[in-house]
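Mind the numbering: the sequence shown is residues 245 to 451 in this note's numbering, read in order. Heads up, the beta-carbon is just placed ideally off N, CA and C, and yes, glycines get one too. Below is one structure, written out as structure tokens; the observations come after it.
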Amino acid sequence: MKPIHCLMLCLLVYGLTLTSCNSYKKTLYFQDLKYSNGTPEAINNYKPLTIQPADILNISISSLNPKAYNDSIGRVVGYSVDVDGNIKLPLVGKVKVSQQTTSQVEDLIQNKLQPFLKNAEVIVHMKNFSISVLGDVGRPNVYQVVGDRITMTEAIALAGDLNVTAQTKNVLLVREVDGKREYIPFDLTSAKLFNSPYFYLKHNDMI
């Protein structure tokens, strides 16, 4: 091989290696994370999701005397939360559920059903809990969340992770709260994300 060709080949390989290293460093998460040698770290920024007007709740009720609660017993039924924060259930009528967690609503409904159903068991889930992940990810889309809890990193993983061309230090969370829109920037290369009050996502959040 001629010296000039050998030099060009070496420069090409060096350039590709340098580009690859830079791309890897750009997409490496939590670069400042300090390992605790097995010592657990307390989670202080998680707040359970609370129910809001216009939410839809999947409610399943089981009992030892199912005939007392018509054909809905044992089935999952969707209930819309009205503008006043109520749902309307057979036998008990309106139930105030807004600003409460799903576990709190389970206990509330169970107590209200005691006069009518023997040993009623109530399970409540959010039906319309969804988040959007857009931009330079593998599968940008609107995603339905199973359960009542999802983190920012879980949402990004759900969307196929960031592409190598993504701006890892410039990720934006858009959240609507009480008629106002918040724009919160994030740096995914920093472990500070874990302690952010926005690490746990809410319904209709957009990344």
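{"query": "Per DSSP, what are the beta-bridge partners of His369 in this structure?", "result": "Asn302"}
{"query": "How big is the Cα-Cα spacing for Arg383 and Ser434?", "result": "23 Å"}
{"query": "Just reading off the beta strand (DSSP E) that Asn385 is part of, what are its end residues?", "result": "385-388"}
{"query": "Look up Ile194 in the DSSP assignment and say whether it is helix, strand or coil.", "result": "With the chain covering 245 to 451 only, the question about residue 194 has no answer from this structure."}
{"query": "Since His369 and Asn448 should fall inside the 8 Å C-beta cutoff, what is the C-beta to C-beta distance between them, to a whole number of angstroms?", "result": "About 17 Å separates the two Cβ atoms, so there is no contact after all."}
{"query": "Could you check the C-alpha separation between Leu256 and Thr409 for me, to the nearest Å?", "result": "Low confidence applies to Leu256: its pLDDT is 46, below 50, so where it sits in the model is not reliable, and the reading given next is rough at best. Near 20 Å, if we compare the C-alpha coordinates of Thr409 and Leu256."}
{"query": "Mapping DSSP to helix, strand and coil, what is Ser347?", "result": "helix"}
{"query": "Based on DSSP bridge pairs, tell me the residues matched to Tyr427.", "result": "Val418"}
{"query": "Just verifying my parser: in three-state terms, what is the DSSP assignment at Thr395?", "result": "strand"}
{"query": "Rounding to the nearest angstrom, what Cα-Cα distance links Lys269 and Glu398 in this structure?", "result": "Any reading at Lys269 needs caution, since the residue's pLDDT is 48, under 50, leaving its predicted position unreliable; the model's value is listed next. The alpha-carbon atoms of Lys269 and Glu398 are separated by roughly 21 Å."}
{"query": "Do you know offhand how far Met450's Cα is from Asn372's?", "result": "15 Å"}
{"query": "Does the Cβ-Cβ distance between Ile300 and Ser324 come in under 8 Å?", "result": "yes"}
{"query": "Report the option in Gln275, Val349, Asn288 whose CA atom is closest to the CA atom of Ser440.", "result": "Asn288"}
{"query": "Return the CA-CA distance between Tyr290 and Gln344, expressed in angstroms with no decimal places.", "result": "15 Å"}
{"query": "How many angstroms separate the CA atom of Ser306 from the CA atom of Leu352?", "result": "15 Å"}
{"query": "Quick one: what's got a C-beta closer than 7 Å to Ser267's C-beta in the same chain, skipping five residues either side?", "result": "Its pLDDT being 47, under 50, Ser267 is placed unreliably in this model, and the value from its coordinates should be taken loosely. Once the five neighbours on either side are set aside, the close Cβ partners of Ser267 are Val408."}
{"query": "Does the Cβ of Ala403 have 16 or more other Cβ atoms within 10 Å, making it buried, or fewer, making it exposed?", "result": "buried"}
{"query": "Would you decide whether Glu285 is buried or exposed? Buried here means 16 or more other CB atoms lie within 10 Å of its CB.", "result": "exposed"}
{"query": "Which residue from Gly329, Ala298, Asp328, Leu445 puts its Cα closest to that of Gly391?", "result": "Leu445"}
{"query": "State the Cα-Cα distance for the pair Leu416 and Pro429, rounded to the nearest angstrom.", "result": "4 Å"}
{"query": "Cα separation between Glu350 and Leu378?", "result": "34 Å"}
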